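Residue numbers (full-length UniProt numbering), protein chains in the order written: chain G, 1 to 414; chain L, 1 to 403. Even for Gly, the Cβ is constructed at its ideal location relative to N, Cα and C. Remember, it's a predicted structure, so these values are computed and weren't measured experimentally. Here is the structure we will look at, set down as C-alpha cells.
Next up, the structure:
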C-alpha cells in the first residue's frame with residue numbers, strides 16, 4: 001500500500017541562481033527581415049521574455065501561488081518492469097458528497113499546471129450540476145514526478161501509473177479527461193481498464209480513424225463522397241487543410257523528439273532561452289489567439305526548467321510510444337487495433353492542430369457526447385476552462401449521457 | 001569587387017563567453033543502456049564538454065587553420081538580396097593550367113571540410129591532373145555573412161558560387177560537393193552549365209525511384225534490375241536514416257528560428273546537435289576530441305552564428321524540389337561516387353536520370369563526410385574523372401590540369 005506525502009514546490013535557491021546566471025549570459029541569434037512567425041518564435045518576443053525572466057519575473061511569488069491553489073502530493077507507484085516511481089499529483093476534493101472522481105491527464109508541452117483553471121470549476125458543488133474530485137497527475141518525466149530510468153516506458157506503463165494512482169486514492173471507479181498525450185493515454189486506459197475501473201472518458205483532442213468499407217460502410221461511402229466532392233463540405237475540407245498544414249510545417253518537434261530526444265535534450269537542459277523558445281512557439285501557435293501574459297508563459301516554462309527530472313526526460317514519451325521512428329507516430333492520432341467500449345465524450349475546439357471529420361471518432365469508440373465550440377485551441381482546459389467544464393457537467397450531469405456511470409458517485413449531494 | 005585576405009581571429013571576449021557558458025553547463029540525465037538509441041550519449045558529451053573547458057585550446061587550432069588554408073573575403077552581389085561578404089579558401093596549384101574547381105560544403109559542414117583534400121587536389125604530378133581550388137563558405141556558414149532577406153534559395157546559393165568563380169577569373173570551372181553542396185552544384189550545373197560550369201562531381205547523388213508516368217523505361221529498368229549487395233545495404237541504411245535520422249531536417253525546414261535559439265545560446269546543445277551527425281553519418285571514423293571541438297567551435301564562432309546555417313533548409317524545402325524531374329537534369333558531364341555509409345544510398349538505376357553520368361565509382365569504406373573521412377578516395381575519383389583518359393579530360397578548354 002503506497003503512502004502519500006504532501007508536496008510543496010520549493011525550488012532550491014541555487015537552481016534559481018543558476019537560471020539567473022544563464023539568463024545573464026544569454027546569446028541570441030539574428031533574424032531575417034520581416035520573418036514574423038514563419039521561421040519560428042520571433043526574436044522580439046523571445047528577447048522580451050528573457051529580459052522579463054531575468055528581471056521582474058518572481059518565481060517565488062508564482063511558486064507560492066501554485067502551492068496555495070493546487071493541493072499537491074507525491075507517492076511511490078510501482079510499474080511492472082520499471083520499479084517504483086515517485087509520482088507527483090494535484091488532488092482536490094469537491095465539497096459535494098458524491099462527487100465523481102476524475103483524472104486529468106496532460107500532454108506535451110503541458111503539465112499539471114494545465115488543470116489550474118478547471119480545478120475550482122470542477123470541484124464546486126451545486127444542486128444544478130455534478131461536481132468532481134479532481135486528480136491531475138504529473139506524468140512520469142514531467143513536473144515533479146520522477147522519470148523512468150529504463151528504456152521502454154511505453155503507453156501501457158503510462159496507463160498503468162495513472163490507473164494505479166486512482167486506485168491508491170481509493171477511487172476504484174473513475175472517469176478521465178485528457179488532450180494531447182492525455183488523449184492517447186486515456187484512450188489506452190479506456191481499453192485496458194474500462195469498464196472495470198474507467199467508466200467513461202472525455203477528450204478535447206478527438207483525432208479519429210478513417211472508417212473502413214467493411215467496418216463502417218455508410219461512413220466510408222460518405223467519406224468517399226466528400227473526397228470526390230469537397231465543395232459539399234467546406235468545413236471538412238478546411239479541417240483537412242489545417243491538419244495538413246500542421247503536419248507539414250508544425251511537426252518538426254515531433255520528428256526530433258520521437259527519434260533523437262537525447263540529442264535535443266542537451267539544449268533543453270542547458271539553455272533556458274532554447275527551452276523557452278521551443279515551448280513558447282507551441283503555446284502561441286497551438287492556442288486560439290490566447291492572450292498570453294508574459295509571467296504566465298514564464299511560469300509554464302519554469303515548471304519545465306525546474307522539473308524534477310529536467311526538461312529532457314519529458315520528450316522521451318515521443319520516442320518510447322513512437323517506437324523510435326517518425327512513421328508510427330502519425331498512426332497514433334488515428335487508431336490502433338483496439339476499441340474502447342466505455343462512453344466517450346468529445347469537445348471540439350476550432351484552434352486544435354489536427355481536425356478530422358467528426359464521424360471518424362466513432363470508428364472504434366462509443367461516442368455519447370460531441371460538442372463543437374466557437375473558440376479555443378489545443379490547450380482547451382487552460383484556454384477555455386468554462387467550456388470544458390460545462391461539457392463535462394453536461395455529459396455527466398442529470399439527464400446527461402454518462403450520468404451515474406460511477407456507482408454511488410453521481411456528482412451530487414443527494 | 002575587391003578581395004581581402006582573411007585570417008580567422010575570434011575576439012577574446014567571444015572565447016571568454018564560451019568558457020563562462022561551459023562553466024554553467026547543465027547536463028540532462030540518460031536512460032540506462034541508452035547507447036546511441038536516443039541520440040548522442042551522455043558520456044561522450046560530458047567528456048567533450050570537459051575537454052572543451054579544460055585542455056582544448058582554440059587559438060592553437062585557429063592558427064593551424066590559418067596556416068593551412070589561404071582565406072579571403074569579398075563582396076558578392078546577389079540579385080534581390082543585396083551584397084553579401086563571402087568568405088572562401090583559394091589555393092592555386094603550381095601547375096598554371098590546373099583545372100579551376102569549386103568545392104561546396106553542406107550542413108553540418110563548412111569550409112573546413114576542404115582541409116584534407118586541398119593539398120591532394122592542388123598537388124602537381126605527371127600522373128594525375130591538378131586543380132586550382134576554391135572552397136566556398138556558404139552564406140550563413142563559417143565566416144561568410146548570412147542573408148538578411150527571406151527566400152534565399154538554391155538559385156541564390158548557385159549565383160554566389162558562380163559569381164565567386166568569375167570574380168576570381170575562372171570563367172570556366174568544375175564543381176565538387178556533397179550534402180547541400182550536391183543540390184547547390186546541381187543548380188549551378190543547370191543554371192550555368194555549358195557556358196561556365198563544364199562538369200560536376202558529387203559524393204551525394206540522392207535519387208528516388210523513377211516514376212512510371214514520367215520515365216517509363218527507367219522505371220522498368222529500375223524494377224527489373226536486381227539490387228547488388230551494396231545497393232541492398234544502401235537501401236537499408238537509407239530506410240534507417242529516413243525513419244530515425246531525419247528529425248533534424250524536419251525542424252530545420254519548418255522552424256529554424258525556434259531551434260536556432262538553442263544552438264546560439266547553448267554550446268553543449270550545439271555540440272550534441274552536430275556531434276551526433278559526425279558519428280552517425282560516418283564510417284567508423286575515429287574522431288579525435290580536438291577535431292570534433294574545432295569543428296563545433298567553427299560553428300559556435302561563426303560570423304552569423306549557428307542559427308543562420310539552418311535557414312537554407314527552410315528556404316529550399318519551401319522553394320526547391322528535393323527530387324527534380326529528369327527534364328530538369330543538367331546536361332554537362334557528371335561524376336558520381338558512392339560511399340557505403342552515406343546516409344542516402346540509391347540504387348544505380350535510380351540515379352541515371354539525375355544527370356549525364358560519365359563515371360561512377362563504388363567504394364568499400366567512407367560515409368557522408370567523404371572529403372574528411374577518405375580524402376584520398378574522393379580525390380582519386382575526381383582525378384580519374386578529369387585526368388588523361390578520363391571521361392571529362394580537357395572539359396575546361398586550355399586547362400587540362402597537367403604541366
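List, in order along the chain, the chain G residues whose C-beta lies closer than 7 angstroms to that of residue 248 of chain L?
For the purposes of this step, residue 248 of chain L is taken as the residue at position 248 of the second chain. Within 7 angstroms Cβ-Cβ: 256.
Tell me, please, whether the CB atom of residue 28 of chain G is closer than 8 angstroms to any CB atom in chain L?
On the first chain, position 28 is the one that residue 28 of chain G refers to. Yes - at least one Cβ of chain L is within 8 angstroms of the one on residue 28 of chain G.
List the residues of chain G that residue 265 of chain L touches, going by C-beta distances under 7 angstroms, in chain order.
Against the second chain, residue 265 of chain L aligns to sequence position 265. Simply 26, 27, 271, 273 and 274.
Closer than 8 angstroms, Cβ to Cβ, to anything on chain G: give me those residues from the segment 135–155 of chain L, in chain order.
Against chain G - using a Cβ distance shorter than 8 angstroms - the residues of the segment 135–155 of chain L are 146, 147, 148, 149 and 150.
Compare the Cα-Cα distances from residue 421 of chain G to each of G/367, G/383, G/364 and G/365 and report the closest residue.
The displayed coordinates of chain G run from 1 to 414. Any statement about residue 421 of chain G would go beyond what the structure contains.
Is the segment 202–215 of chain L in contact with the segment 225–238 of chain G, if contact means three or more CB pairs nearer than 8 angstroms?
Result no; under three Cβ-Cβ pairs closer than 8 angstroms.
Mind checking if residue 40 of chain G is an interface residue toward chain L, Cβ cutoff 8 angstroms exclusive?
Taking the first residue of the first chain as position 1, residue 40 of chain G is located at position 40. Yes - at least one Cβ of chain L is within 8 angstroms of the one on residue 40 of chain G.
List, in chain order, every chain L residue whose beta-carbon is nearer than 9 angstroms to that of residue 34 of chain G.
Translated into the one-based positions of the first chain, residue 34 of chain G becomes position 34. Within chain L, the residues near residue 34 of chain G are 149 and 150.
Return the first residue and the last residue of the alpha helix (DSSP H) that residue 242 of chain G is part of.
Within the first chain, numbered from 1, the residue matching residue 242 of chain G stands at position 242. Per DSSP, residue 242 of chain G belongs to the alpha helix (DSSP H) from 234–249.
Could you give the distance in angstroms between the alpha-carbon of residue 48 of chain L and the alpha-carbon of residue 273 of chain G?
Taking the second chain and counting its residues from 1, one reaches residue 48 of chain L at position 48. Taking the first chain and counting its residues from 1, one reaches residue 273 of chain G at position 273. Distance between the alpha carbons of residue 48 of chain L and residue 273 of chain G: 22 angstroms.
Flag residue 54 of chain G as yes if its beta-carbon sits less than 8 angstroms from any beta-carbon of chain L, otherwise no.
Working through the first chain from its first residue, we reach residue 54 of chain G at position 54. Chain L, which has no Cβ nearer than 8 angstroms to the Cβ of residue 54 of chain G, makes this no.
Checking 8 angstroms against the spacing of the C-beta atoms, do residue 366 of chain G and residue 344 of chain G come in under that value?
Here residue 366 of chain G corresponds to residue number 366 of the first chain, with the count starting at 1. Here residue 344 of chain G corresponds to residue number 344 of the first chain, with the count starting at 1. It is a contact, given that the beta carbons lie within the stated cut-off.
What's the call for residue 6 of chain G, buried or exposed, on a 16-neighbour Cβ count within 10 Å?
Position 6 of the first chain, counted from the start, is the residue given in the question as residue 6 of chain G. Under this definition residue 6 of chain G is an exposed residue.
The beta strand (DSSP E) with residue 213 of chain L in it runs from where to where?
Stepping through the second chain from its first residue, residue 213 of chain L is reached at position 213. That residue, residue 213 of chain L, is in no beta strand (DSSP E); it is neither H nor E in DSSP.
Given a cut-off of 8 angstroms, decide if residue 111 of chain L and residue 140 of chain L are closer than it, judged by their beta-carbon atoms.
For the purposes of this step, residue 140 of chain L is identified with residue 140 of the second chain, where counting begins at 1. For the purposes of this step, residue 111 of chain L is identified with residue 111 of the second chain, where counting begins at 1. No, the pair does not count as a contact, with Cβ atoms beyond the cut-off.
Pick from G/11, G/47, G/233 and G/271: whose alpha carbon is nearest that of residue 62 of chain G?
For the purposes of this step, residue 62 of chain G is taken as residue 62 along the first chain, with counting starting at 1. Residue 62 of chain G has its Cα closest to that of G/11, out of G/11, G/47, G/233 and G/271.
Do residue 190 of chain L and residue 330 of chain L have their beta-carbon atoms positioned less than 8 angstroms apart in this structure?
The count along the second chain starts at 1 and reaches residue 330 of chain L at position 330. The count along the second chain starts at 1 and reaches residue 190 of chain L at position 190. Closer than 8 angstroms, so yes.
What in chain G is Cβ-close to residue 20 of chain L, meaning under 7 angstroms?
The count along the second chain starts at 1 and reaches residue 20 of chain L at position 20. The contacting residues are 25.
Measure the alpha-carbon distance for residue 29 of chain G versus residue 289 of chain G and round it to whole angstroms.
Here residue 29 of chain G corresponds to residue number 29 of the first chain, with the count starting at 1. Here residue 289 of chain G corresponds to residue number 289 of the first chain, with the count starting at 1. Cα to Cα, residue 29 of chain G sits roughly 26 angstroms from residue 289 of chain G.
Does the CB of residue 149 of chain G have a neighbour CB from chain L at under 8 angstroms?
Position 149 of the first chain, counting from 1, holds the residue named residue 149 of chain G. Interface residue, yes.
For a test of the three-state rule: what should DSSP assign to residue 136 of chain G, helix, strand or coil?
Along the first chain, one-based indexing puts residue 136 of chain G at 136. Correct three-state label for residue 136 of chain G: strand.
Got a sec? Which residues, its chain only, sit under 7 angstroms from residue 385 of chain G by beta carbon, not counting five neighbours each side?
In the first chain, residue 385 of chain G corresponds to position 385, counting from 1. Closer than 7 angstroms at the Cβ level, and outside the excluded window around residue 385 of chain G, lie 117, 118 and 121.
Can you give me the C-alpha to C-alpha distance between residue 412 of chain G and residue 111 of chain G, rounded to a whole angstrom?
Within the first chain, residue 412 of chain G is the residue found at index 412, counting from 1. Within the first chain, residue 111 of chain G is the residue found at index 111, counting from 1. Whole-angstrom Cα-Cα distance: 29 angstroms.
Mind checking whether residue 337 of chain L and residue 203 of chain L have CB atoms under 8 angstroms apart?
Translated into positions along the second chain, residue 337 of chain L becomes position 337. Translated into positions along the second chain, residue 203 of chain L becomes position 203. Yes, these two residues count as a Cβ contact at 8 angstroms.
Output needed for residue 194 of chain L: all residues of its chain with C-beta closer than 8 angstroms, excluding positions within five of it in sequence on either side, in chain order.
As a first step, residue 194 of chain L is located in the second chain; it is residue number 194 there, counting from the start. Contacts found: 331 and 332.
For residue 237 of chain G, would you say it is in contact with chain L, using Cβ-to-Cβ distances shorter than 8 angstroms as the test?
Residue 237 of chain G sits at position 237 when you count from the first residue of the first chain. No, residue 237 of chain G lies away from the interface with chain L (no Cβ there is under 8 angstroms from its Cβ).
Report the rounded CA-to-CA distance for residue 307 of chain L versus residue 398 of chain G, giving the unit in angstroms.
Indexing the second chain from 1 puts residue 307 of chain L at position 307. Indexing the first chain from 1 puts residue 398 of chain G at position 398. Each residue's alpha carbon lies about 56 angstroms from the other.
So residue 154 of chain G and residue 321 of chain G are in contact, right, with Cβ under 8 angstroms, and what is the actual spacing, rounded?
Here residue 154 of chain G refers to the residue found at position 154 when the first chain is read from its first residue. Here residue 321 of chain G refers to the residue found at position 321 when the first chain is read from its first residue. Right, the Cβ-Cβ distance comes to about 6 angstroms (below 8 angstroms), so this counts as a contact.
Under 8 angstroms Cβ-Cβ, which residues of chain L neighbour residue 21 of chain G?
By 1-based counting over the first chain, the position of residue 21 of chain G is 21. Within chain L, the residues near residue 21 of chain G are 24.
By alpha-carbon positions, which one of G/40, G/240, G/123 and G/48 ends up nearest to residue 354 of chain G?
Within the first chain, residue 354 of chain G is the residue found at index 354, counting from 1. Answer by Cα proximity: G/240.
Taking a Cβ distance cut-off of 8 angstroms, strictly less, list which residues of the UniProt domain "Epoxide hydrolase N-terminal" (5–114) of chain L are near chain G, in chain order.
Answer in chain order: 17, 20, 21, 24, 25, 26, 27, 28, 29, 30, 31, 32, 33, 34, 37, 38, 39, 40, 41, 42 and 45.
Would the segment 353–369 of chain L and the segment 239–251 of chain L be scored as touching if the rule is three or more Cβ pairs under 8 angstroms?
Too few Cβ pairs lie closer than 8 angstroms, so no.
With a threshold of 6 angstroms on Cβ separation, who are the neighbours of residue 356 of chain L within its own chain once the five nearest residues in sequence on each side are excluded?
Taking the second chain and counting its residues from 1, the one referred to as residue 356 of chain L is at position 356. The residues are 331, 333 and 334.
Among the residues of its own chain, which have a CB less than 6 angstroms from the CB of residue 53 of chain L, if the five just before and after it don't count?
By one-based count along the second chain, residue 53 of chain L stands at place 53. Around residue 53 of chain L: 22.
Can you check whether the C-beta of residue 313 of chain G is within less than 8 angstroms of a C-beta belonging to chain L?
Against the first chain, residue 313 of chain G aligns to sequence position 313. Chain L contact via Cβ: present.
Rank L/346, L/84, L/221 and L/377 by C-alpha distance to the C-alpha of residue 2 of chain L and give the top, closest one.
Taking the first residue of the second chain as 1, we reach residue 2 of chain L at position 2. Residue 2 of chain L has its Cα closest to that of L/84, out of L/346, L/84, L/221 and L/377.
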